[in-house]
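Going left to right, the sequence shown walks through residues 3 to 195 as the numbering used here numbers them.
Just so you know, even glycine gets a beta-carbon here, dropped at the ideal spot from N, CA and C.
Below: one structure, written as C-alpha cells.
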Amino acid sequence: MEPRSDRVLRLKTSEAPDNVAESLSDSATVASRRRGSKAMVVGLGLLALFFMVRAWGVEPVRVHHDSMRPNLRNGDALLIDKFSYLWREPRVGEIVTAHLPDTGESVVKRVVAVGGDSIGIIDGVLTRNGQPVDDSYANRENMAGYFWGPIDVPKGQVFLMGDNRLDSVDSRDYGPVPVDSIDGRLLVRFWPL
C-alpha cells in the first residue's frame with residue numbers, strides 16, 4: 003500500500019478535470035499580461051516625466067567657446083536649471099544660457115546688469131550704476147586702457163558678458179537681451195569627459 007500523501011497528490015494531479023488545468027493556465031496568462039501592462043504604463047510614465055523635466059526643469063548643455071574662461075572652458079558640460087526663471091527674474095552674477103533673438107544662437111554668459119541698471123567699462127574696470135563692480139571671477143588681462151559705454155539696460159532685459167572680457171562676443175556687441183530669451187541658469191558644471 004502506498005503512503006497516503008503520495009496517493010492524494012497523485013489523485014489530485016492525475017484525476018483533475020482538464021478545464022481546471024486550463025483555468026489555472028489562463029489565470030497565469032492573465033496575471034502575466036497585467037504585470038506587462040503595468041510595467042508598460044510605468045515605463046511610459048517615466049519617459050514622459052523625463053521629457054517634462056528636460057523641457058521645463060533641467061537640461062544638459064555643452065560649452066562651445068572660451069568666452070567664459072577661466073570659469074568655464076570649451077567642452078565643459080553644464081546642467082542648467084530652467085525652473086527658477088518661471089518664478090523670478092535673472093540676477094546679477096548668475097551664469098545663464100540664452101538664445102539670441104536675432105540669430106537664435108545659444109550662448110553661455112554672465113548677467114552683469116539687469117533692467118534699470120547703467121553698465122560700462124572705465125579703464126578696464128566694469129562699472130554698474132557708476133560704481134566699480136567686484137568681478138574678480140573675470141579675466142581682465144590686458145584690459146587697462148579699455149573703455150566702453152556706459153549704456154542703460156531697458157526694463158525686461160539683461161546685459162550679458164563673458165568672463166574672458168577681451169575674447170567674448172556678448173551684449174557689448176549684440177546689446178541687452180530680453181529676459182524671455184534666457185533659457186536657464188547654471189546649476190552644475192562638469193569638466194570635459
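Measure the alpha-carbon distance for Lys84 versus Glu91 and round it to whole angstroms.
Indexing the sequence shown from 1 puts residue 84 at position 82. Indexing the sequence shown from 1 puts residue 91 at position 89. Roughly 12 Å separates the two Cα atoms.
Alpha carbons only, please: which of Asp175, Asp165, Asp185 and Leu189 is nearest the one belonging to Arg71?
The residue you call residue 71 lines up with position 69 of the sequence shown. Of Asp175, Asp165, Asp185 and Leu189, the residue nearest in Cα terms is Asp165.
Which residues DSSP lists as bridging Trp150, in chain order:
For the purposes of this step, residue 150 is taken as the residue at position 148 of the sequence shown. In the DSSP assignment, Trp150 is bridged to Ile123.
Within the stretch 128-192, ranges of the alpha helix (DSSP H) (whole runs, at least 4 residues)
173-176
In terms of residues, what are the limits of the beta strand (DSSP E) holding Lys111?
Residue 111 sits at position 109 when you count from the first residue of the sequence shown. From DSSP, the beta strand (DSSP E) with Lys111 extends over Ser108 to Val116.
Between the CA atoms of Lys40 and Val98 - distance to the nearest angstrom:
Start at 1 with the first residue of the sequence shown, and residue 98 comes out as number 96. Start at 1 with the first residue of the sequence shown, and residue 40 comes out as number 38. Roughly 40 Å separates the two Cα atoms.
What three-state label does DSSP hand Leu88 in the structure shown?
On the sequence shown, residue 88 is found 86 positions in, with the first residue counted as 1. Residue state, collapsed to three classes: helix.
With a cut-off of 8 Å, do at least 3 Cβ pairs link the stretch 113-122 to the stretch 136-156?
With the rule of 3 Cβ pairs closer than 8 Å, the stretch 113-122 counts as touching the stretch 136-156.
Quick one: what does DSSP say Val94 is sitting in, helix, strand or coil?
By 1-based counting over the sequence shown, the position of residue 94 is 92. Three-state result, Val94: coil.
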